[in-house]
Amino acid sequence: MSLIEMRGISKSFGQNRVLSDVDFTLEPGEVHALLGENGAGKSTLMKILMGVYQPDAGTITLDGEEIIGRSVGEHLNQGIAMIFQELSLVPNGTVADNIFLGREPHGLGWRVDRRAMRREAARLIELYGFALSLKTEIGRLPFAQRQMVEILKAVARGARVLIMDEPTSSLTMHEEAALMGIIAELKSSGIGIVYISHRMAEIFAVSDRISLVKDGQLIGPMRPAETSVAHISGLMSRGVATVELARGNAARPGTPALEVRGLSTAGKLRDIGFSVAAGEVVGLAGLVGSGRSTLAKALFGLLPDRAGEVLVDGRAVPPGDPADAAKAGLALVPEDRRREGLVLDQGLAANISLPNLDRLRLGGGWPIFSRSAADALFGKFRTALAINARGPRQAAAELSGGNQQKVVFAKWLATSPRVLILDEPTSGVDVNAKAEMRALMRRTAAEGVGVLLISSELEELATTADRVLLMIDGRITREAEPGLHEAGLRAMLQDEVASSKRPVIA
Amino acid sequence: MNTQNSLALRLLRDHVTYVIFLAVTIFFAVVAPNFASFATAGAILRITAIVSVIAIGMTFVIISGEIDLSVGSVASFSGMILALLLDAGLPSWLGAILTLAMGAAIGAVNGLLVTRLKIPSFLVTLGMLSVFSGAALTVTNTMPVPIVENGINNVLWNGSLFTIAAPVWWTLLVVLLGYYLLHVSLFGRRVLAVGGNAVAASFSGINVNRTKIWAFVLSGSAAALAGMMLAARSTAGNPSLGAGLELDVIAAVIIGGTSLFGGYGTILGSVIGAIFIGIIGFGLLVMGFSTSVQEIIKGAIIILAVSVNRR
Amino acid sequence: MNTQNSLALRLLRDHVTYVIFLAVTIFFAVVAPNFASFATAGAILRITAIVSVIAIGMTFVIISGEIDLSVGSVASFSGMILALLLDAGLPSWLGAILTLAMGAAIGAVNGLLVTRLKIPSFLVTLGMLSVFSGAALTVTNTMPVPIVENGINNVLWNGSLFTIAAPVWWTLLVVLLGYYLLHVSLFGRRVLAVGGNAVAASFSGINVNRTKIWAFVLSGSAAALAGMMLAARSTAGNPSLGAGLELDVIAAVIIGGTSLFGGYGTILGSVIGAIFIGIIGFGLLVMGFSTSVQEIIKGAIIILAVSVNRR
Amino acid sequence: DNYSWPDNIPPAAKELMTPLPLTPTGQIVPGYPNGAPAASPDVLTFTPDQIDKLKAGHFTAGIVMHTMAAGWPLLQVQGITQTLKGFGIKVVAVTDAKFNPGTQISDLEEMIARKPSVIFSIPIDPKSESAAYKQASAAGIKLVFLDNVPVNMAPGKDYVSVTASDNEKNAYYAAKELAESMGGKGEVGIVTLVYDYYYSVAVRKVGALRAFKEYPGIKLDGIGTIASPDAAYSVATSMLTAHPKIQGIFAAWDTPAEQVVAAAKTLGRKINVTTNDIAPDSALFVARGEFYAVGSQRPFDQGVAEAKSAATALLDEKVPPYIEVPTLRVKKLNLLSALQSVTHQPPPQNVIAACAGQCF
Ligand SMILES: Nc1ncnc2c1ncn2[C@@H]1O[C@H](COP(=O)(O)OP(=O)(O)OP(=O)(O)O)[C@@H](O)[C@H]1O
Ligand SMILES: Nc1ncnc2c1ncn2[C@@H]1O[C@H](COP(=O)(O)OP(=O)(O)OP(=O)(O)O)[C@@H](O)[C@H]1O
Ligand SMILES: [Mg+2]
Ligand SMILES: [Mg+2]
């Protein structure tokens, strides 16, 4: 008898039928991978298993017992836990608070046992070797670190069923490795794991069975051995042939699109200098906490304490004001789409129009906002990026993670920037869309835009970037020679880290 | 709070507001003696003009994710200042402009304190409430200042044009202005974005602080205008004419469907909210309920009305 | 609003609050006649007891991301009810318990309306404010109801134990209770989580609605207790004794460092906030400022105090 | 000491029960720079057929109050309502502006739209509300004022008449009693409304000051101002703290006076308090000896007078511009008699109990 059996699950949001009559099973001690395009319904299916949503139809059994509960709480008590794609952490709590959120150790009279909490949390962090400090508040942590906390939180529950919804979307090799360790350990102790990811390498590394969500149906399950990345992306795709990247050094001579000299911030960065030529894609590799996002923010004028020079097309960009940066032709796709990228409660057209307001004036002159222009703009990118959405008025919050990411991408492409800074642009984006977006980056570059690509997926850097810079703890220490492949990058990054005296994470 | 945020639901919600609003009105029209009359409509619009005008300014502040509790006392203070300026012999147009400017300035100060010093607007404007209600009492040592010059009294309140009273015209003017700023102009987009997600807004190159400051300037100016109208209504500036208005105003805005947490709201909603409150109070009095009983029913109706339209 | 959220900054912030608080006190102690005395300290604690008690209840509601505007009128109403119950000949302990239970029930109703019907708490409790201020006036047709039985007057207000006055003891009791609930017990963790991010909290198996309802129950009960204390103070239930308390209370809570958007706050902060406001008002009165001038200075000090401690 | 209330009360109590004489020119009335001639309510009488005429008129009345948070306004409303009932005039609504002139103007506008035949009202701010009241008379509604008259409105033309007591003299009496209770020397304070435009209270300050001046030994330590009665608690507390030697406080009316007593009690200070007006609740304070003396208006009788002048005006008869209802001197000794004549009801049991046989 299976650990989990979901039978005939159907779910719609309003008119939008997401799942129709889906069956899904999970065996003890197995990793069942779940793939599918952005918006296919993976998270929804798992949120139903977690008790977040009630299915419109269907049954769920755990060890053969009906467990359709009304709340997450009931399902947690049943021994089901989940790493949420959008995380389940409270910003005002410390790392320790969050790891034990909802199940704090307590004594008489519901007295919270803080000491035990800290001890236990410390042990976990130690055990899995994540770079976290107990007392820091979640609200202050960048997404990657928060994702680590989310992992610990779920793992520490000691559940029998563990759902992992894109746990590594913004993690780098260290944490990825750590997670693989955790998974192996859990498997051996007979826990069933559902693993959702868009990183094919991971999928094939960990999973025992692979299923696909497509058009509300479940395809599979199949064994990794019996299939291949190509086969799967073939199954997933909407017929879009996976794009071949027009690589090859497109860098144009003359004044670089972006030039950085002696850039430093009090917090993190030290004396950073590099340049991105027009038409070139420059990759930035590093470990979590190495300062890549900090650099991106500093370039975009989001950090007041920036020192040094930033020139776009040879013209200096004043520090400390994103508005100036945007005017100068800089664009930033931030790493944390929910917090930094989107106004979740508002429509997609509204979101895309934000950095483009001045372009969307009615008939140029008066500061009148033209809705139709905004909708047109959205429509354009909806097709260009294959954004899976109902329409320009749909609230961003209702989009699937990957599609949200595309919207953020679109909103900055629309500004037709001179320099495009991408911080983990394809995190949580499905394989095909990923290929499309990488092609898009190349195309954007080909149009003479300088692209700075921050990515935790070395494979992405290897395939997409012309040059790759290595960032270690706030310094750009080295440049990888062109045409280097993933394995090479990984090796190089490893020995860079090893050779840097200072600890990787401050 | 506002979990249901899909635009669809929002549209429905607003519609329901209007439906309930109509229902209550019709109810009164049927049961309340000589309620259904042109005079009544005029009276209600006059009575709610003050709240409507301020509510429109407040809408911007609340959408931007802040709040302005100072409007009531700023209104009182503005009335006093206008009266004093005219008393000092200034031409009334000049006095009005100066008072309006002062209101805008007070708003700007609120905005600066909130954005630059990062003090919660609730505290800043609560402090200002105290400051200006005190100031209004102090300038003349609690004594009201008559406005003898009738020109301005007529323009602001007592006069009428095409049989429609001045205060109604002013409300209309402010509504149009507010509608343009919020729903038509780029500024409106910025306010909505800032209220929806300030971080994302600034990541999109929107100047969050400036946007909020302007929102406060609008509510300060609206309060000043309302204060002048109050003064004109009673042909004198009285230091406590506007006292307590802030609660009515915020209630109107929220009933109108604006989210207290910012990011969503409409001008029309706020005005309808104001008129709705006005109608309830008026209808209940006409039906012969005394203030105390009125309050009970009024409170109940407000809760009911909104509860229905949140479903 | 609250961009700076690190614990470090918060600690500093709170410290600064206390520093400023001390500074102002010392200032008054020096310049205000007979301010620096034991009697004064007692007097201030008594004056602020009411606000402190309610503020502690309110802290839970605000941390949970909601607000309760009904406390003032619930206090008035509770005072009336207590007086009426005793007038009807109930033993005072029973009357007190029943009144307290009623307060809790009112809180529960607020919470249910907010969570089940998804009405913004601002509106629900504004409606309730209106309902109960009206009800307080209506029950006796605006007539105050004397509490002749002195036992309860002494227990709640006029008596004293170890030379410390009853109201101070009650404040202390409520502080301890509140401190335990918020900072020691599981419930506190829940409230903080719900206020920090309701979705995340519910994803973590926390019952968001129940948590909020309990928060409202606490503030309702606190308001009822405060109302009984008010009644005991003037040995009569008076329908408008609690009017307008809500603003003072919320101000106290926010000055105490609680975020109006929920997720962070402390019991001690709220009490200190209440006492701080009390000291300012008291000090200025003792220095002989008229109410009007006093308001100006009070408002300014509040803004200043907070502005400094946000830097 | 075999006196018993009500049948046989001590002569001293009897003496107190004789009201203070009418002041020829009491209240400020527009058009009467040095006070309008005071008329007694007794001049208003009705023949049976006049009453029938009134009943046939199916008149309605609205009452627009400044506050309902005290005994005084309630007794006024009772006096008006009960008397009007006798004339077959129905009271449609009573509004309470909670001391906010803005609110009162709105209340008035709503009341005007309700079109009653007559409106009884006590303007909070005679200056800034006069325009609104003018609308009422313009709308053909008869206006009868309590205590205050809006500026530049003419009696008999813009409004019917005003009924009041001589507040200045009433306060003068209470303050004088305070001074006497302190043997004519010591430190005193005053607690009164912050708004000087509310003149029927403002003049009480004048009266109290006049009284205190007559005693060289009396030192006035301060005048505490309040925006609402409950503020009196903290105002009094701080006043008593700032001036440890204060032995007496005069409060402008009974509700704040109760808070003054509470403040003194919590500070453990023994002071004398005198004030104006009593009602069943404040009577207890007299019975317990917490109010030493009270100069009390007779709000019920004032209400009766107002109702009568309204009725007279509805009959198109002439009404004197200013009707004065003389005030009572109230001490513990004559409390029961005074309370009954103020409220027109037998004193409540708790008052009688609190008197412990010492009141008549
Ligand atoms: N709360 C919601 N309200 C309305 N629609 C929703 C909601 N949550 C998800 N959807 C819709 O359901 C569909 C599936 O969403 P889901 O998050 O399950 O996709 P996914 O497979 O997890 O995609 P991704 O890989 O990008 O995370 C999407 O079209 C999304 O717009
Ligand atoms: N000087 C600064 N001022 C303000 N915020 C800063 C500063 N330096 C860093 N930060 C913030 O701290 C966050 C965490 O920085 P961290 O040291 O983890 O590097 P990172 O850029 O997030 O690492 P990576 O993106 O390579 O994983 C950054 O995202 C940035 O927003
Ligand atoms: Mg998903
Ligand atoms: Mg990063």
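Residue numbers (the numbering used here), protein chains in the order written: chain B, 505 to 1010; chain Z, 1184 to 1494; chain R, 1184 to 1494; chain H, 1147 to 1506.
Where a beta carbon is used, it is the ideal one built from N, C-alpha and C, also for glycine.
- Rounded to whole angstroms, the separation of the alpha carbons of Ala1291(R) and Val1210(H) is 36 Å.
- Annotation for Asp527(B): the continuous beta strand (DSSP E) segment containing it runs 520-530.
- For the stretch 567-597 of chain B, the beta-carbon criterion of a distance under 9 Å to any beta-carbon of chain R is satisfied by Ser575, Val576, Gly577, Glu578, His579, Leu580, Asn581, Met586, Phe588, Glu590, Leu591, Ser592, Leu593, Val594, Pro595, Asn596, Gly597.
- Along the stretch 1203-1236 of chain R, there is no position whose C-beta sits under 8 Å from a C-beta of chain Z.
- Look at Ser547(B): its beta carbon is less than 7 Å from one of the heavy atoms in ligand 3.
- For Ala1318(R), the residues of chain Z that pass the 7 Å Cβ criterion are Ile1479, in the order they occur in the chain.
- Cα atoms of Ser1186(H) and His1212(H): separation of roughly 25 Å, rounded to the nearest angstrom.
- Taking a beta-carbon distance threshold of 8 Å, Thr1242(R) does not count as an interface residue toward chain Z.
- Considered as a whole, the stretch 888-953 of chain B harbours 905-917, 935-950 as its complete alpha helix (DSSP H) runs of no fewer than 4 residues, in chain order.
- Here His610(B) is bridged, per DSSP, to Val616(B).
- Phe517(B) has its CB nearer than 7 Å to a heavy atom of ligand 1.
- Here Leu1359(R) is exposed. Its C-beta has fewer than 16 other C-beta atoms within 10 Å.
- Within the same chain, Leu1461 come within 8 Å of Lys1199(H) by CB-CB distance, once the 5 residues on both sides are set aside.
- Residue pairing from DSSP places Val814(B) in a beta bridge opposite Val764(B).
- In the structure shown, Met1326(R) falls within a coil segment according to DSSP collapsed to helix, strand and coil.
- For the 8 Å CB-CB criterion, Leu553(B) and Met621(B) do not form a contact.
- In the three-state reduction of the DSSP assignment, Thr563(B) falls in the strand class.
- If you compare the alpha carbons of Ile1462(R), Leu1269(R), Val1374(R) with that of Asp601(B), the shortest gap goes to Val1374(R).
- Per the DSSP secondary-structure output, Lys1261(H) pairs with nothing in a beta bridge.
- In this structure, the beta-carbon distance from Leu628(B) to Ala660(B) falls below 8 Å.
- Among the residues of chain B, none has a CB under 8 Å from the CB of Ile1289(R); the nearest is roughly 25 Å distant.
- When Cβ-Cβ separations below 8 Å define contact, Gly1456(Z) makes no contact with chain H.
- By the rule of a C-beta closer than 7 Å to any heavy atom of ligand 4, the residues picked out are Pro646(B), Phe647(B), Ala648(B), Ser674(B), Val792(B), Arg796(B), Ser797(B), Glu839(B), Asp927(B), Glu928(B), Ile958(B).
- Looking only at Pro1362(H), Ser1384(H), Gly1332(H), the smallest Cα-Cα distance to Lys1391(H) is reached by Gly1332(H).
- If you compare the alpha carbons of Lys801(B), Leu889(B), Lys831(B) with that of Asp817(B), the shortest gap goes to Lys831(B).
- The residues Ser1346, Val1349, Arg1350, in chain order, have a CB closer than 6 Å to that of Asn1313(H) in the same chain once the five nearest residues on each side in sequence are set aside.
- Contacts between Met1326(Z) and chain H, judged by CB atoms closer than 7 Å, involve Asp1342, Tyr1343 in chain order.
- Proximity of chain R to Asn1496(H) at the Cβ level (cut-off 9 Å) is accounted for by Asp1270, Pro1329, Val1331, in chain order.
- The beta-carbon separation of Val847(B) and Val912(B), rounded to 11 Å, does not stay under the 8 Å limit for a contact.
- One alpha carbon belongs to Trp916(B), the other to Ile856(B), and they sit about 8 Å apart.
- Of all alpha-carbon atoms in Asp825(B), Leu788(B), Arg819(B), the one lying nearest the alpha-carbon of Ala802(B) is that of Asp825(B).
- For Val1476(H), the uninterrupted beta strand (DSSP E) run begins and ends at 1474-1476, by DSSP.
- Under the three-state reduction of DSSP, Lys1236(H) is assigned to strand.
- Around the Cβ of Glu985(B), a 10 Å sphere holds fewer than 16 other Cβ atoms; the residue is exposed.
- In this structure, the CA atom of Ala950(B) is about 12 Å from the CA atom of Ala969(B).
- Closer than 7 Å at the C-beta level to chain R, one finds these residues of the stretch 1400-1420 of chain H: Glu1404, Gln1405, Ala1408, Lys1411, Thr1412, Leu1413.
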